[in-house]
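**Q** Under UniProt numbering, residue 260 is the last one in the sequence shown; the count climbs by one each step, no gaps.
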Amino acid sequence: INNRAVTHVDAPQMIYVPATGKNNHAAVLIIPGGGFSYIMKDLEGLDVANVLSQQGYASFVLIYRLPHDGSAQYRQQAFADTQRALRLIRANAQQYQVAPDRIGVMGFSAGAFLAANLSNTPDEANYQAVDAQDKVSARPDFSALIYPVLSLKQGVTHPGTRTALYGKDLSAQQMAQLSQEDRVSAHTPPTFLVQALNDGTASPQNALGMFSALRQNKVNVELHLFQQGGHGFGTGQKQHLPVQNWLTLFHAWQSSLVKR
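1. Should Tyr57 and Ala19 be called a contact, given that it needs their Cβ atoms to be closer than 7 Å?
2. In three-state terms, what does DSSP make of Ser137?
3. Helix, strand or coil, according to DSSP, for Ser53 in the structure here?
4. Pick from Pro148, Leu118, Asp81 and Ser59: whose alpha carbon is nearest that of Phe211?
5. Given a cut-off of 7 Å, decide if Met106 and Val221 are closer than it, judged by their beta-carbon atoms.
6. In its own chain, which residues sit with a C-beta less than 6 Å from the C-beta of Arg4, not counting the 5 before and 5 after it?
7. For Ser119, which three-state DSSP category applies?
8. Please say whether Phe108 and Gly200 have beta carbons closer to each other than 7 Å?
9. Give me the Cα-Cα distance between Ala176 and Ala196, rounded to the nearest whole angstrom.
10. For Ala78, which residues in the same chain have their Cβ closer than 7 Å to its Cβ, ignoring the five residues on either side in sequence?
11. When the Cβ atoms of the stretch 72-90 are set against those of the stretch 123-143, are three or more pairs found closer than 8 Å?
12. Specify the secondary structure class of Ser71 as computed by DSSP and reduced to three states.
13. So, Gln244 versus Gly232, is the Cβ gap smaller than 7 Å?
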C-alpha cells in the first residue's frame, strides 16, 4: 500500500493525472492534508486523483510549501502556492482539455483550510505576479472540503493546525476574523462538504459551521454527514461503510452544477 507523506517542500509542484474515463472537461486541484507537518501525497492526493480520473476529471495534486510555527512568510507561501496552481490550470485549460469555468478545488483536513481560503478570498495578493498567467482569475468554480479544519476557534479548531498557521498567540477576535466560516460571502463558490461524526481530529463543528455560513450567504452547498469514518479516510474505499460512496456523491453533485 502506498501511503507516502512529503515534508520539507522547498519548491511547490503539481502532479497532473489526466482523465482516463470519458472526459467531462472539469478539473480538480487536490490539496492533501497532514496538519501542515507533512502532505499526504497518496491517501489524500494520488489515490483520490485516480478515482476522479476514472470519473472523467483532470486532477492536479498540489505539493505545497508548508506553513509552520505561525510564520507569516511560510503561511503566505502556502496561500500563494494554491492561488498560483489554480491560475496555472485555468491559463492552460485548453492544453489540459478542460473548460476554464469548470475548475474546482478539493481540500482534505488542513488542506481544506487552504481550499476554503482560496474560495473565500481568491483575489488576495499572496505573491507578486511573475507572468501573464497571474492575470487569470484564481477563483475556483466549485469547492469540496473533506473532513475539514476550517475554524480557528477554541473547542472547534485542530490546535496543531492552528499553531502551524498562526502561532499560539491569537486573540479570540483574531480567531474569529481568520476562521474560514466567517469569511464566506455570496461570491464563495458552490461547496460540497463531507464529514464523519466520529472524527476525533477535526470536530464536525468545522463542517457544520461552514454549512451554516454558506446557507446564510445563499451559496449552493451540499453536506454529507456519515456516522462512521473517523478522520483521514481518503477515498473511503477501504472502509466498507457508507462513507466509501462520497466520491460518487461528489461527482453527481459536480455534474448537477453544469445542468443548472
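Note that the Cβ used here is the ideal one computed from N, Cα and C, for glycine as well.
**A** So, to answer that:
1. Taking the sequence shown and counting its residues from 1, one reaches residue 57 at position 57. Taking the sequence shown and counting its residues from 1, one reaches residue 19 at position 19. A distance below 7 Å separates the beta carbons of Tyr57 and Ala19.
2. Against the sequence shown, residue 137 aligns to sequence position 137. Here Ser137 sits in coil by DSSP.
3. In the sequence shown, counting from the first residue as 1, residue 53 sits at position 53. Here Ser53 sits in helix by DSSP.
4. Counting from one through the sequence shown, the residue named residue 211 turns up at place 211. Nearest C-alpha to Phe211: Pro148.
5. In the sequence shown, counting from the first residue as 1, residue 221 sits at position 221. In the sequence shown, counting from the first residue as 1, residue 106 sits at position 106. Not closer than 7 Å, so no.
6. As a position in the sequence shown, residue 4 is number 4, starting the count at 1. Once the five neighbours on either side are set aside, the close Cβ partners of Arg4 are Lys41 and Asp42.
7. The count along the sequence shown starts at 1 and reaches residue 119 at position 119. Look at Ser119 here: in three-state DSSP terms it is helix.
8. Mapped onto the sequence shown, residue 200 falls at position 200. Mapped onto the sequence shown, residue 108 falls at position 108. Contact: no.
9. Against the sequence shown, residue 176 aligns to sequence position 176. Against the sequence shown, residue 196 aligns to sequence position 196. Computed Cα separation, rounded: 24 Å.
10. Residue 78 sits at position 78 when you count from the first residue of the sequence shown. Excluding sequence neighbours, Ala78 sits near Tyr64, Arg65, Leu66, Pro67 and Leu114.
11. yes
12. Residue numbering aside, residue 71 sits at position 71 when the sequence shown is read from its first letter. Coil at Ser71, not helix or strand.
13. Translated into positions along the sequence shown, residue 244 becomes position 244. Translated into positions along the sequence shown, residue 232 becomes position 232. No, they are not a contact pair.
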